[in-house]
Structures are given as C-alpha cells and as structure tokens.
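Now the structure itself:
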C-alpha cells in the first residue's frame, strides 16, 4: 500500500515551495524587518543562499542512501534506541511546529476575516480538514498543491503589483540597515525559515524520481521562495516604512489592505485572504501528514492512517495551549531563532555520521 | 469509512448549529459611517460626529436624505461609537469610512492620541483621508450633507479629494501618510485643509487694492473658506496643514502648497501664471 | 439481557467507527503502473489475458448450469427438473431434436405459446422432393415481415417449384439437409446453423427467425431484424453550431455504424459482451486496436462482465455499475450522444462503451478536462475555441461559488462591496423579513424547481413554465418584498452559468455542491469557501477514472499536448495524451502542415 503511492517532481517542488512560502502570510516579513531594519530583504537573500548551500550538502549526502528516508537512516546508523530517540525528537519538533502554526493560522483568520469566531472553532475546522487531506494521502495533497500553486502565486504577485502607487525606493535605504554584523548573524539564524525543505528527506520513499531530482526540487523551492520573500519584504518596507512596519502583526494582510486604486478598487483584501487560507489548509495538512509519516517510520508501523486521529488530537490540544496570540508569536520567534538546529544541523550530523560508518564498513 | 465520515460531518454540524454564525451581520443591521468628525468636547474630552449613510435604493423613487449626522460627546472615539448605539437602531461600523475630519483646535492640541487607536482599529483602514478643518468638524459634516452633483456622500468625498489632486492645492492626505510622518525619524506629518464657506457670497471681501501685478503673484494664495466665488457646495478644500510631531503649527495656502509639492517632487501638472516684462521679450 | 446485548451492539458500532480497518482495495487497477513495458509485450499479454478472461466467463456460466445430461434422458425427468429449478436452467443445455413435434413442444413450453401472442410459429412444407415439414419461429414486431416473406417463405415454398426436376432429385435427404438449405436455397444475407436452444433463443429474441426442419437436428437462424426505430436525429443535449448534427439512436448496430462511418479504419474493433442476467443486454466495446492500451480494454471488459444483476437497461445504469467513486460530485465516465465526439476520443486511445437501447454512449477513461470540453472547441478556430473554454471555466466557478460568495460578502465582508452598491443592497434588504441565507436558499430552490418542472412538464403546456417561473422569480417575489432584487441577478447568473457547462452530469454535481458552499459561506464566510474548495480539490485529485487520475494531465503532471485548459492550434498537437498509455504516442509529425515547407518535388512540377 505504501509503495503504491508515488508523486512526481513538479508536485514535490511546488508543495515544498508552498510549505516554506506560507510564512510570508504570517509574521515573517515583520520579523525580518525587525532584525534587519531596512535591510530585511538582504537577510532574506542571504539566509536563502545559506540554506541553499546547506541543502545541497544534505541532499548530496542523502544521495548515498538511495530510497531511504532520513528516519530509516537515523535508525540504521545509531541503532534502535538512540535512533528512535532522535527520531522522536524530530517528531516532537514537527508536532510543535505544526501545532503552533495551526494556532497562528487560526489567529490570523480571526484578525483578517472572522473577528468574532472563537479560536477553538477555527482550529477545529483547520485540523479536521487537514485530517481528511492527510487521510487521502500525500498524493492528494501534493497534487492539490500543484494545481493551486499558480493561483497562489498569482494572488501574491497581484498584491505586490497593485501596490505600485506606494512604491518609494527611498524607503529601503540605508541599504545595510541594522549593520552588516547583525545582518550576517540574523541571516544565519534566518535559515530556520527555509527549514521545511528538510521534509523532502523524510518522505523520500514516496518519490517517483531519483535522488538528483530531490536535490533539484529542494533547490528550486528555496530559490523561488527566496525571490518571493525578498520581493514581499521590499514591497512591505516601501509601503509601510521601517518604524511602522515593525508594528503590524500580519504584514501581508496589511499590504493587501493598503491596496487602493481609486474609488472602485479598494478594500479587496478579503479576496486575497481566501487564497492564503487555502495555503494554510495545504500547509497544515502536509505538516500533519509528514509528522505522521515520521512517527510511522520511527515505529515501523504498516499504516499511518490509524495514527491520524491521535496525532490530530495531540496537535489540536497543543495548539490551544498558548494563552493568547502574543505567546504564540513568541514561540514562533523562538522557532525562528533555534529551529535551524533541528532542521539543518541534526540531519547534517546524522548524515555525516552515517556516511562515516558506511565508509568504514566498505 | 463512510460511517466515520458521516460522524465527522455530524460533529461539525452539531458544533456549528449549537454555536450559531459568528460575526455574521445582515447589511441592513449595520450603520455605515462615511465620515468621522472630531471636535473638542464641551462636557467631555471629545465631541465625535458621525455621518451615517442612509441606505438608498438604486432605482431612485422618492429622494430620501442620503446621510444623517449624529454628534456624541465621549472620552474617546470608540466610546462615542458605542454610545451612539443607544440612540441609533444600527450597529455602527467604520468599514466604509472615507475620511476622518479633525477640527483645528484638536489638531493644535495634538493628534496622536486619536490617530493611534484609529490606526490599530481593524474596521478603519489607513487609506482613509485625514484632513483638518477650520472651525468645527461637526459643522463641516452638517454642511457636507448637501450634495449637488452627486447622489452619494461617499463618492463625493472620493471625487473631491481626487479632483484636488490634479490642481496641486491639496497634498495627499490620509491616515497612512500622517502616521508615517508621525513615526518616521525624517518626516513630519501634513494633512489637507478644509473649511466651510460661511460668508455670504455678496459680501466678497474686496480687500485692499494691491494692483494686478501683485494679484497675479498672489494667485491661488487662498485658505479654504476665503475663495471668492458664487454657487457650488458649501465646503472648500485648498491648502495644507503643517504639523510638528502631532501638533498643528500652521497653514499653507494653495500657492504655498504647490511650492511645497515642487520641493517634495509630487508636483504634477498645473496652470501657473507668470508675469513677463514686455521689454524683455525677444521673439 | 436484551438491554445488555443491545448495549454490546452499540459499543460494537462505536468501536467500528473509532477503530481502524484496512481499506479494501476496491479498484486494484492503475493504468500507469507499468509504463516502461514495451508495447509488444503488452500486445502478447493482451491476447493472453483475453483468452483467460473468456475462459473464465465460460466457466462461470458453466457453474450455473445444472446436470446437463439428464435433460436428454426422459421427458418426465426433464419436467420434474423444470418444476424443481425453473425453466431457464433447462434451456441452457437443450439441443434441437430431429423430431419437429418435440421441438415445437419445447418451444411451446419455453415461450408459453398459449399465453404469449406475439411469438409466431408458421408451419409449412419445403417444396423439396419429398416435401419436408418445417416451421419458422419469430417474434412479431421485431422482424421485418418483408424479409421473412420474400427471403425465407417464398424461396422455400414457391420458388423451389421452379427448380429443375433433376436438381431436386439430387437433394441429399437427411444427412446435412440444413447445410444444403443454407447454401442452396435460403437467400438471407446472414444465415447461421445452430443447434443449441440457448443460442437460437438469443437470436430469436433479438429479431432473428429460426427455421426448424423435420429430420434435422440443426436449426437455421436467419437475420431478419427489422423493428421500428428512430432515424438518426439531431443531438438533444449536446448541440453545436459548427460541426455535424447527427446523434446516436437506440439501436446498437446503427450506433456502431455511425462510429464506423466516421472512423474508417480496419483496426477499429467492436467487441460484444453481455450485461445483466435476465435481459442479456448487448454491450459493445469499441476501440482502436493499435492505439488503446490492451490493459485498459481488458479492465473495461472485466468490469462489464463482472456485473451481476438482472437488468442493465441504459447507459446511465451501466455507468453507475462501472464507475469507481460513486459518491463524488463528478462523473467518472463521459456520456455523449455525438458520434464525432466518440470518434475524437477513440483516436486518442479511449474506449467507447455502447449499450443497446440507449442513445448515449460511454467513453472511458476520462479526466475533468475532457468533461469541460465541447466538440465545438475543436471545430472553431483556435482563438474562438479558447474564448469559449475560458468562458466555460468562468462559468464553472460562477455556478459553484456565486451564491456562496454573495452570502459571505453580504454577511461577513461588507467592506468588499463598493459603498454605493452596499447601500443599495442594504436598502433592498430593509423590506425583507428573512436573513440573506434564507432568501438565497428559497430562490435557489425555486430555480431548481422551475428547471425540473421544465424538464418534466408535458410539451403542450411547456410555455407556462417560462411564464410562471419568470413571474415568480422576476417580479412577484421582489414586489412582495421577500426577496431583494440584487439577489435575483445573483441567482440568474448562477443558473445561466450552470447551463453553460457542457456535461450534463457535471453540471448536476456543481449545482449540488453550490448549496454546500452556500452553507459554508453562511457560517464561515470566505474562510468556509476556502476550506470547501480545499476539500473539493483534495477529493477531486484523489479520484480515478478507470485507473487514470481525474485531473490527469495537470496533477499528476504528465506529458501532454497543448489541449488541457486551453488548446493550441491543431497542427501543434503532435502527441497523444500520456496518461492513457496509448500504444502509439505520435499523432502527427513535427511538421504536420505539408504546405509550410516547400515540397521538394515542386521544382520538378514547374519543369
């Protein structure tokens, strides 16, 4: 059953792009602006570059273990006890991330569309939809991602272009913003934003194509998302110049609110809200699916579907744990600062050890 | 599987129908505020006037009053909004608000304590116009009710601000710009200036005769309310207000506004009158 | 005790709901599985598979038969069996007897001739020397009487008199008299010699005429089909302005004829299978042997022959028996009544299923995009065709989402509407005593009522529907103040858009799903619509039609010609679709317009 499902290159590339890119609809542009001031887009650019290098490294290591997911590699390298513990760590991290983003998406929906709906209802709707999607499997999710990708991209580009009356390139000067040193440091920390690319390693046994293409898919999505992130941050800083741009909670929403092309075309943000709610659904279901798959592979279970209710409940209750939105945003910031330890360093470490062991055996 | 799916749907439906539809409001339950006027209060901190649109069928019929103005005194704008619901049958909302009109007195006192909550309000958007009016804002709103060329006040405001954009008498003046000026280290906020034409048309002040040369030089050097004219709507918009931080420090008249725009680079396309000495013209 | 057991039952139900059970693999057929297999291998496999399948079906039939040898033993025994196990079982292994009387008795019992008045047995003597007693059996109304009179009775009874004496002498008496009659005496165009009653009855039931001859254990069956049929008419549901105007009718043979007429190719195969045990409806499976994937053809045959039911009457019923996801909103089989449409699918490598008795023909497998295409797209020039397609895609979204978007905008996102329009909507709603969602549902419901009534109403009073419907929708509801006039526009646009969708089943699905979207919108506004779209997309992409993913050329992405959402110029479509795994991918060469390149022989011609 497991081996029956295969997904193609384009689906994977777009899916990972969407996974990484949904951050643009949350607090990411604000966070970068906060760190780099007017040089926020440089941070985006550099952290994209660094994560691209890291990804190329990881994926070329991964190529030595054909058709083996990172979970399996961990287990075969570190033995069943340490390997399982490491996998459980990764699983816990993924659950925490998914539950936090579930909460944050629900809060963003409250801010942007449904001001009077209780957060628990939105969380419930999100998790139920994600459950159904994860039940149908990665095939369905990735294909939906591929189909909706052009629409999502079009909506982002539309927002960016419709803001042209506000373009003012003076606002992104001084170029180096908060200073080169701080930019360098934050660029490195910022690679957490691209951490979702590592998901490719965990679902590698679903791919119809060879490992080289996996590398390509990850690189494609990192490059594409970097470009989009940079464009969004630049436009954001031009429309809402630096001191005010740190204040908004959902920058992209604020951007689409600012669209005002005369008497007839204004107040259209609700249309764009629809698109990024859609990406939220995609992201959450994919996150849920990958978490479940990691757990399944860790415990070597034959099916993942029976795990879904339990994991859904776990994610749901974890997402309601933070007291309010500010706490959720704080967790998001923590994830931004330390997430790269799990998303990039840990896989790299595992792969290096695995490679050394493999060489020794030979 | 089918059964399980059915259970899910059932669960969802139960949750939904036991809790109702959150935030769902019919169009006629809401009172759409078109303009907000802020004055200094007499019995409380602030006197807020709302110009509320009266729903009007498209196909005409008997012409009803397009808008209604109510004035409430309260400690804050939002307090006034809540208070207004005690004598208005509709739930007031700012989602369709077009402009915030601030009186001269309030502006002199400092605007940030009124603007900051408005900027953070979800209903109101930053693209709303923000202007200062000479005199009372509530009076301005009352006079704004009379429409000549338009049917809707909302469109009237939009068109008025748009039309002035091409003459250069009025700077681009919205909450977004103002807030930006307030926050940015290198900018000071400005707004457009408005007034109600109160003087009788017959008594256009002749002023001292300063000669045509001087008159040509002083073309457009009017503040709102002073334009010599006859007919048209009661309100006038020309010139701009200069702030230091959030406090009004002075007015620029129409001519000065143009020069200001030339300096900032926003100057577009206008008619300018030059006097050329005859004897200097060569071909 | 009863309480206890019922409680146990309840807990079992709960446990069934909560616990996981391995999903039964329902289809077990994925077309794309073995893509790298060579076509030759497939061909061989195909032949093999067909054989096994046939043998299997035979075996199945064999299992149903009961004790064939006993039939021949004694009359009494047979009778006993007849009462024991029913009539049809006996027929299966009944053979033609040399004794004419016995045959007649058999038929009397089989057809209940005393009650059944349109079964006709005409007894006569064949004018041989000596005259042979014989009778013909046919069903009145199914046969062409002119053929029976002119090609069976007349030559056997009258014309034989004119045969020369010496020729008549040569007639071999006994022995192979049936063969002699077939080769020498019967001028019918399709005469078969049969001895099994099952085969004979199948033919007679379908308009054949059976000739029983004294002393022969064979029976001659002459093809005399000739019932009253509709002539080839205009398509009712799929009309076009440019393009052919002929449609299928209710006769299988004339339908296959229409297809063959349009696709003159010796590789066009028409296989016949039976569906339904009581009626044995003929189902034709048509495909191009050198194009269609043999595995696909086998799968189609497997599905149709595996149907165990008494009666499959029409294409719509067969469709429901062979489709994969009966609960999804979209059909997974294309139903068409246009021969040109079927041919355009056949040359792609699809398989057409023609069921006798209905003017609709099924095409499998299909994708969502082929449901959205209309034959007119191809007959018009490329820009016009694309314009139609864009219009239709817009129509889909309008038909599906407009009421939902209206409800959510009016109830949740009032800021989206221009202020003046919002004021107009509010003003029109002031007089309405119900919430918007009620208005929308009432109007949608009455619209559907008018649509349904328009289909069912007898033609004579058809005009009244338009008048009544127009009055209710347009005038009275608004003037009575229970519906706001702007809603009328919304409903009308939605209705129009739903009729612009070329596929009848799909437009049904979309009309249904629009109610779901309206409810979602009433609860969650745009959030609900977005979630609904997400789940809809998820369910659509996980659907399959005969092993082909439903959104195939796009998700999963496969190589395809430029003919998915929009279409390229006809000369640019060089390859057939990939998801069907056709045996021959090339449709036309790289340069298909020969005149573009100057032909080399051109100069010669000039000289």
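Residue numbers (this note's numbering), protein chains in the order written: chain A, 797 to 1158; chain B, 403 to 685; chain C, 29 to 635. Even glycine gets a Cβ: it sits at the ideal position worked out from N, Cα and C. From a predicted model like this one, the values you see are computed outputs, not experimental measurements.
Contact set between the segment 800-829 of chain A and chain B, restricted to residues whose Cβ is under 9 Å from the partner
none
Once you ignore the five residues that flank residue 273 of chain C on each side, which residues in its own chain have a CB closer than 6 Å to its CB?
Within the third chain, the letter at position 245 stands for residue 273 of chain C. Only 262 meet the Cβ criterion.
Nearest to residue 942 of chain A by alpha carbon, out of C:591, C:127, C:582?
What you label residue 942 of chain A is simply residue 146 of the first chain in a count that begins at 1. Checked all of C:591, C:127, C:582; the closest Cα to residue 942 of chain A is C:582.
Residue 204 of chain C in three-state terms, based on DSSP:
Walking along the third chain from the start, residue 204 of chain C turns up at place 176. Here residue 204 of chain C sits in coil by DSSP.
Looking at chain C, is there any beta carbon in it that lies within less than 8 Å of the beta carbon of residue 1143 of chain A?
Looking up residue 1143 of chain A in the first chain gives position 347. It does not; no Cβ of chain C falls within 8 Å.
Residue 247 of chain C: first and last residue of the uninterrupted beta strand (DSSP E) it sits in:
Numbered from 1 along the third chain, position 219 holds the residue referred to as residue 247 of chain C. Its beta strand (DSSP E) spans residues 247-251.
If we cut at 8 Å on Cβ distances, does residue 425 of chain B have a partner in chain A?
Position 23 of the second chain, counted from the first residue, corresponds to residue 425 of chain B. Chain A, which has a Cβ nearer than 8 Å to the Cβ of residue 425 of chain B, makes this yes.
Chain C within 8 Å of residue 428 of chain B, Cβ atoms only:
If you number the second chain from 1, residue 428 of chain B lands on position 26. Yes, residue 428 of chain B counts as interfacial toward chain C.
Buried or exposed by the 16-neighbour rule on C-beta atoms within 10 Å, applied to residue 1193 of chain A:
No answer is possible for residue 1193 of chain A: it lies beyond the span of chain A, which begins at 797 and ends at 1158.
Bridge partners of residue 576 of chain B, per DSSP?
As a working note, residue 576 of chain B is residue 174 in the second chain. DSSP, once it has assigned bridges, lists B:531 as partnering residue 576 of chain B.
Might you give, ordered along the chain, the residues of its own chain that have their beta carbon closer than 7 Å to the beta carbon of residue 126 of chain C, omitting 5 neighbours on each side?
Your numbering for residue 126 of chain C matches position 98 in the third chain. Answer for residue 126 of chain C: 243, 244, 245, listed in chain order.
Which same chain residues, not among the five before or five after residue 1071 of chain A, have their C-beta less than 7 Å away from its C-beta?
The sequence position of residue 1071 of chain A within the first chain is 275, counting from 1. For residue 1071 of chain A, where only same-chain residues beyond five positions count, the Cβ hits under 7 Å are 947, 948, 951.
Using DSSP's beta-bridge definition, name the partner residues of residue 922 of chain A.
What you label residue 922 of chain A is simply residue 126 of the first chain in a count that begins at 1. Answer is none; residue 922 of chain A lacks a bridge partner.
Are the Cβ atoms of residue 624 of chain B and residue 640 of chain B separated by less than 8 Å?
For the purposes of this step, residue 624 of chain B is identified with residue 222 of the second chain, where counting begins at 1. For the purposes of this step, residue 640 of chain B is identified with residue 238 of the second chain, where counting begins at 1. Cβ distance < 8 Å, so residue 624 of chain B and residue 640 of chain B count as in contact.
What residues from chain C crowd round residue 455 of chain B, counting only those whose CB sits closer than 8 Å?
Walking along the second chain from the start, residue 455 of chain B turns up at place 53. Going along chain C in sequence order, the residues near residue 455 of chain B (Cβ under 8 Å) are 447, 451.
Does the contact criterion of 3 or more C-beta pairs under 8 Å hold for the segment 838-854 of chain A versus the segment 970-988 of chain A?
yes
Go through its chain and collect everything with a Cβ distance to residue 434 of chain C's Cβ below 6 Å, but skip five positions before and after it.
As a first step, residue 434 of chain C is located in the third chain; it is residue number 406 there, counting from the start. Answer for residue 434 of chain C: 518, listed in chain order.
Measure the C-alpha to C-alpha separation of residue 74 of chain C and residue 432 of chain C and round it to an integer number of angstroms.
Counted from its first residue, the third chain places residue 74 of chain C at position 46. Counted from its first residue, the third chain places residue 432 of chain C at position 404. Note that residue 74 of chain C has pLDDT 39, beneath the 50 cutoff, so the model's placement of it is unreliable and no number is given.
Quick check on this structure: which residue in C:610, C:35, C:589, C:580 has the alpha carbon closest to the alpha carbon of residue 939 of chain A?
Stepping through the first chain from its first residue, residue 939 of chain A is reached at position 143. Ranking the options by Cα distance to residue 939 of chain A, first place goes to C:580.
So, is residue 591 of chain C buried or exposed, given that buried needs 16 or more other C-beta atoms within 10 angstroms?
On the third chain, residue 591 of chain C is found 563 positions in, with the first residue counted as 1. When all chains shown are included, residue 591 of chain C counts as buried.
CB contact below 8 Å: residue 648 of chain B versus chain A:
Residue numbering aside, residue 648 of chain B sits at position 246 when the second chain is read from its first letter. Residue 648 of chain B does not count as touching chain A.
Run through the DSSP bridge pairs and tell me what residue 573 of chain C is partnered with.
The residue given as residue 573 of chain C occupies position 545 in the third chain. The partner list for residue 573 of chain C (beta bridge, DSSP) reads C:576.
CB contact check: residue 1040 of chain A to chain B, cutoff 8 Å:
Translated into the one-based positions of the first chain, residue 1040 of chain A becomes position 244. Interface residue, yes.
Out of A:1157, A:998, A:964, A:824, point me to the one whose CA is closest to residue 1130 of chain A's CA.
Here residue 1130 of chain A corresponds to residue number 334 of the first chain, with the count starting at 1. The candidate whose alpha carbon is nearest that of residue 1130 of chain A is A:824.
Using beta carbons (cut-off 8 Å, strictly below), is residue 1074 of chain A in contact with chain C?
Against the first chain, residue 1074 of chain A aligns to sequence position 278. Closer than 8 Å to some Cβ of chain C, the Cβ of residue 1074 of chain A qualifies, so yes.
Using only alpha-carbon positions, find the residue among C:278, C:35, C:407 that is nearest to residue 257 of chain C.
For the purposes of this step, residue 257 of chain C is identified with residue 229 of the third chain, where counting begins at 1. When only C-alpha atoms are compared, the closest one is C:278.
Alpha-carbon spacing of residue 870 of chain A relative to residue 850 of chain A, whole angstroms:
As a first step, residue 870 of chain A must be located in the first chain, where it is residue number 74. As a first step, residue 850 of chain A must be located in the first chain, where it is residue number 54. C-alpha separation (whole angstroms): 19 Å.
Count the other CB atoms within 10 Å of the CB of residue 270 of chain C; is the residue buried (16 or more) or exposed (fewer)?
Translated into the one-based positions of the third chain, residue 270 of chain C becomes position 242. Residue 270 of chain C is exposed by the Cβ-count criterion.
Rounded C-beta distance between residue 493 of chain C and residue 502 of chain C? I'm assuming under 8 Å.
Taking the first residue of the third chain as position 1, residue 493 of chain C is located at position 465. Taking the first residue of the third chain as position 1, residue 502 of chain C is located at position 474. The Cβ separation is near 14 Å, so there is no contact.
Going by DSSP, what residue range makes up the beta strand (DSSP E) through residue 597 of chain B?
Against the second chain, residue 597 of chain B aligns to sequence position 195. Taken as a continuous stretch (DSSP letters only), the beta strand (DSSP E) holding residue 597 of chain B covers 592-598.
Determine, using beta carbons only, whether residue 443 of chain C comes closer than 8 Å to chain B.
Here residue 443 of chain C corresponds to residue number 415 of the third chain, with the count starting at 1. Yes, residue 443 of chain C counts as interfacial toward chain B.
Range of the contiguous alpha helix (DSSP H) that encloses residue 586 of chain C:
Sequence index remark: in the third chain, residue 586 of chain C carries index 558 (1-based). Premise fails: residue 586 of chain C is in no alpha helix (DSSP H) and is neither H nor E.
At which residue ranges does the segment 337-415 of chain C contain complete beta strand (DSSP E) runs of 3 or more residues, listed in the order of the chain?
362-364, 379-383, 389-392
With distance defined between alpha-carbon atoms, name the residue in B:509, B:638, B:535 nearest to residue 565 of chain B.
If you number the second chain from 1, residue 565 of chain B lands on position 163. Comparing Cα positions, the closest option is B:638.
Taking the alpha-carbon positions, what's the residue 620 of chain B to residue 563 of chain B distance?
Along the second chain, read from residue 1 onward, the residue named residue 620 of chain B stands at position 218. Along the second chain, read from residue 1 onward, the residue named residue 563 of chain B stands at position 161. Each residue's Cα considered, the two are about 24 Å apart.
Taking DSSP as the reference, what is the three-state secondary structure of residue 639 of chain B?
As a first step, residue 639 of chain B is located in the second chain; it is residue number 237 there, counting from the start. Strand at residue 639 of chain B.
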